[in-house]
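As structure tokens, the structure follows; a few thoughts come after it.
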Amino acid sequence: APRPHQPTVVVFPGDLGTTLTNKQLAEEYLHRYGYTQVMELSDDDQALSRALRVLQRRLSLPETGELDSTTLEAMRAPRCGVPDLGK
Amino acid sequence: FQTFEGDLKWKHENITYWIQNYSEDLPRDVIDDAFARAFAVWSAVTPLTFTRVYGQEADIVIQFGVREHGDGYPFDGKDGLLAHAFPPGPGIQGDSHFDDEELWSLGKGVVVPTFFGNADGAPCHFPFTFEGRSYSACTTDGRSDDQLWCSTTADFDTDRRFGFCPSERLYTQHGNSDGKPCVFPFTFEGRSYSACTTDGRSDGYRWCATTANYDQDKLYGFCPTRVDSTVTGGNSAGELCVFPFIFLGKEYSTCTRDGRNDGHLWCATTSNFDNDRKWGFCPDQGYSLFLVAAHEFGHALGLDHTNVPEALMYPMYSYTEQPPLHEDDVKGIQHLYGGPRPKPEPRPPTTTPETQPTAPPTVCTTVRPSEGPTTGPTGPPSAGPTGAPTAGPSVAPTASLDPAENVCNVDIFDAIAEMGGYLHLFKDGRYWRFSEAQGRRVQGPFRIRDTWPALPPKLDSAFEEPLTKKMFFFAGRQVWVYTGASVLGPRRLDKLGFGPEVAEVTGALPRGAGKVLLFSRQNFWRFDAKSQMVDPKSASPVDQMFPGVPLNMHDVFQYRDEAYFCQDRFYWRVNSQNEVNQVDEVGYVTYDLLQCP
């Protein structure tokens, strides 16, 4: 029987969205919307978890402190550019 | 709800806003309306009022921009960050910015107005079915003249309702060709072009020649935006899909999700993606400008983000057709400004007509297409009478307390015309009457709709044809003709023989024997009141026949056998003794004509 066709995924030129890892996406999001002051997260998982908890509380998401699918989905959702925290 | 640190709020209640520029995604009147409705969401629950103005002095400046657009907070391309706004205060504070790499709609897909056909300008309905096939964009299928069209209902096969889509084959905008359509191919710098191009320009606007040889004739126009097939994002934002295109060796004649795992539809903007790698995202539902604007205006009034997911001030976008305000939003805004003012008691109908925002004419005209080659049945114009006007204007109170009702407070009138022996002065849905014979006393204001129910509040010009006593009223590209109590219209200006380049009629000078000069900005045409047609070939520049009058007048009228040309608060009076038109007086409309103190 014919095998289901595996869809080919192409990297489109100029398409940034597909090149960030989930963690990079999270770090950029947390910084852009005021959850972290500077991009100091790269090697401090505790700090990332703390920041994620604040975001999850602020956006009424389940508070897990983890970069789970619900949180990632929220980070990919279209939204307003005004930061959630800070001035 | 949350407010900004220190409860930032406006210290006054009559807030002004300025729409600084427009996205090409939506017709301008749809954008104006979306912003007005977004402000109304907040004025309904507070004492705040919102008035549109035209300058930087506005409290809230509204702007469309892409990436870095001047405030140090760059946008991020399609999706993601949609818009942002600043809390109340001077300067940039209060301003609201919208990312023009988004597709702005009313939340349910592209809004494409139509011209001619038989749907009276109704927007396209996507998808629609034609000969059993589904279309999600305008098409030339079924036509031999290559004109793009769409159905304005879901099923053309049964409803047969259609209109022509904005297209460079139907008309062009601005430029120097009076709206004529493109000619393909055309030659530019020796090269042949068979489609619109941005070559030769640095602003990215697509243009074409309206003759076969631009190098020789130098005649051009800008191509209307084809929002149904223009891509966003990718590396060709603003360009059109090219169908068919080749992708991984296969031919595609519609947008596809192949090759992506995020489910977005895309297309190539050249015929071969494999070679050229040029692409962009196809139109999707887009984002409701009304909903996003209502959210951003919440910020501009002092509200911060809330953590109530159902509330308008929750940071994430979600589309709804319900009224957007949640209890949480109302509590927040009323914490800052209090509740709405109690509504005034109803008063006898003859007083206090509605107040309208002042809105001077916009400078840029949207050029409409000339009569399409096959317009098909356009259906009967809406026939009158739509209700008998009262025998005369309802008698206004002799003393009025409201300063807005004092004719002497009006700077610029929408229209002025001599009718029935009275000089009529129209402004924002009201009018005053003035007659030399009646002791120069001004009567009014009266409500336009009480006398001429079919008319809109905002008029561009009016005149009474002495022979037939017919009264013509103009607003935008529409005309109404009152014969006593009955009305014919609105009808489009092209029914009078005007071309697409005429966006408004700004005045009229009856010349006797049923002949009238109709003015549109710097030109005038000869109009025959019997046939109700202008002679298209009669277009002439105003200063050719009336030297010395201002060129950008906003009203021209005849009064006691003399012609008046108005600009701002002034008039230039021209008398035509011994066949020579000469300006013999310049004055103020209110002080010199109406004898205001």
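So the protein lines, in turn, are chains A and B. Position one of the first sequence corresponds to residue 143 (this note's numbering), numbered consecutively onward. Position one of the second sequence corresponds to residue 37 (this note's numbering), numbered consecutively onward. Each residue gets a CB set at the ideal place from its N, CA and C atoms; glycine is no exception.
Asked, Found
"Mind checking Pro351 (chain B): buried by the 16 CB within 10 Å criterion, or exposed?", "buried"
"Would you mind stating whether Gly334 (chain B) and Phe40 (chain B) have Cβ atoms separated by less than 8 Å?", "no"
"Straight-line CA distance for Asp177 (chain B) to Trp140 (chain B)?", "27 Å"
"Counting only runs of 4+ residues fully inside the segment 189 to 218 of chain B, write out the alpha helix (DSSP H) ranges in chain order.", "192 to 195"
"First and last residue of the beta strand (DSSP E) that includes Met507 (chain B)?", "507 to 511"
"Checking the sheet assignment: what are the DSSP bridge partners for Thr52 (chain B)?", "B:Thr87"
"Interface residues of chain B around Val152 (chain A) at Cβ under 8 Å?", "Leu284, Gly295, Arg296"
"What is the DSSP secondary structure of Asn154 (chain B), reduced to helix, strand or coil?", "coil"
"Can you name the residues that DSSP bridges to Pro577 (chain B)?", "B:Asn559"
"Can the beta-carbon of Phe593 (chain B) be found less than 8 Å from the beta-carbon of Glu454 (chain B)?", "yes"
"To which residues of the same chain is Cys303 (chain B) closer than 6 Å at the C-beta, ignoring the five residues directly before and after it?", "Cys277, Cys291, Cys318"
"Since Phe283 (chain B) is in the beta strand (DSSP E), which residue starts that stretch and which ends it?", "281 to 283"
"Just the Cα atoms here: how many angstroms apart are Pro163 (chain B) and Ser203 (chain B)?", "19 Å"
"Answer with yes or no whether the minimum CB distance from Leu118 (chain B) to chain A is below 8 Å.", "yes"
"Can you tell me which residues form a DSSP beta bridge with Glu187 (chain B)?", "With the sequence shown as reference, residue 187 (chain B) is identified as Ser, and Glu is not the correct amino acid for it. According to DSSP, which records beta bridges pairwise, Ser187 (chain B) is partnered with B:Phe198."
"Could you spell out the range, first to last residue, of the alpha helix (DSSP H) harbouring Leu327 (chain B)?", "325 to 337"
"Within its chain, find whatever has a CB closer than 7 Å to the CB of Ala94 (chain B); leave out the 5 residues flanking it on each side and keep chain order.", "Thr52, Tyr53, Trp54"
"If we call anything under 8 Å between Cβ atoms a contact, is Val267 (chain B) one with Thr233 (chain B)?", "no"
"Give me the DSSP bridge partner(s) of Gly295 (chain B).", "In the DSSP output, where bridge partners are listed per residue, Gly295 (chain B) has none listed."
"With a threshold of 8 Å between beta carbons, is Pro155 (chain A) in contact with chain B?", "yes"
"Less than 8 Å between the CB atoms is what I'm expecting for Phe224 (chain B) and Asp253 (chain B), so what's the real figure, rounded?", "Going by Cβ atoms, the distance from Phe224 (chain B) to Asp253 (chain B) rounds to 11 Å, so no, they are not a contact pair."
"Confirm, please, whether the CB-CB distance from Ala329 (chain B) to Ala74 (chain B) is below 8 Å.", "yes"
"Please list, in chain order, the chain B residues whose beta carbon lies closer than 8 Å to that of Arg221 (chain A).", "Gly116, Leu117, Leu118, Pro351, Met352, Tyr353"
"My parser needs the alpha helix (DSSP H) runs of 4 or more residues fully inside the segment 448 to 491 of chain B; what are they?", "484 to 487"
"Using a Cβ cut-off of 7 Å, pull out every chain A residue sitting near Pro15 (chain B), in sequence order please.", "No answer is possible for residue 15 (chain B): it lies beyond the span of chain B, which begins at 37 and ends at 633."
"Identify each residue in the segment 305 to 319 of chain B for which the Cβ-Cβ distance to at least one residue of chain A is less than 7 Å, and report them in chain order.", "Arg313, Trp315"
"In this structure, how does DSSP classify Ala539 (chain B) when only helix, strand and coil are distinguished?", "coil"
"Could you list which residues in chain A have their beta carbon closer than 8 Å to that of His335 (chain B), in chain order?", "Cys222, Val224"
"Excluding the 5 residues preceding and the 5 following Gly415 (chain B) in the sequence, name in chain order all residues of the same chain whose CB lies nearer than 6 Å to its CB.", "Reliability of the predicted coordinates at Gly415 (chain B) is poor, the pLDDT of 29 falling under 50, and the value obtained from them is presented with this limitation in mind. Result list for Gly415 (chain B): Asn154, in chain order."
"Does any residue of chain A have a CB that is nearer than 8 Å to the CB of Ala330 (chain B)?", "no"
"Leaving out five residues on either side along the sequence, give the residues of the same chain with a beta carbon under 6 Å from the beta carbon of Arg200 (chain A).", "Asp226"
"Looking at Val570 (chain B): is its Cβ nearer than 8 Å to the Cβ of Gly533 (chain B)?", "yes"
"Helix, strand or coil, according to DSSP, for Tyr353 (chain B) in the structure here?", "coil"
"Between Ala216 (chain A) and chain B, is there a C-beta pair that is closer than 8 Å?", "yes"
"If you measure from the beta carbon of His28 (chain B) to each beta carbon in chain A, is any gap under 8 Å?", "In this structure chain B extends from 37 to 633, so residue 28 (chain B) is not present and cannot be described."
"To the nearest angstrom, report how far apart Asp312 (chain B) and Thr208 (chain B) are at their CA atoms.", "29 Å"
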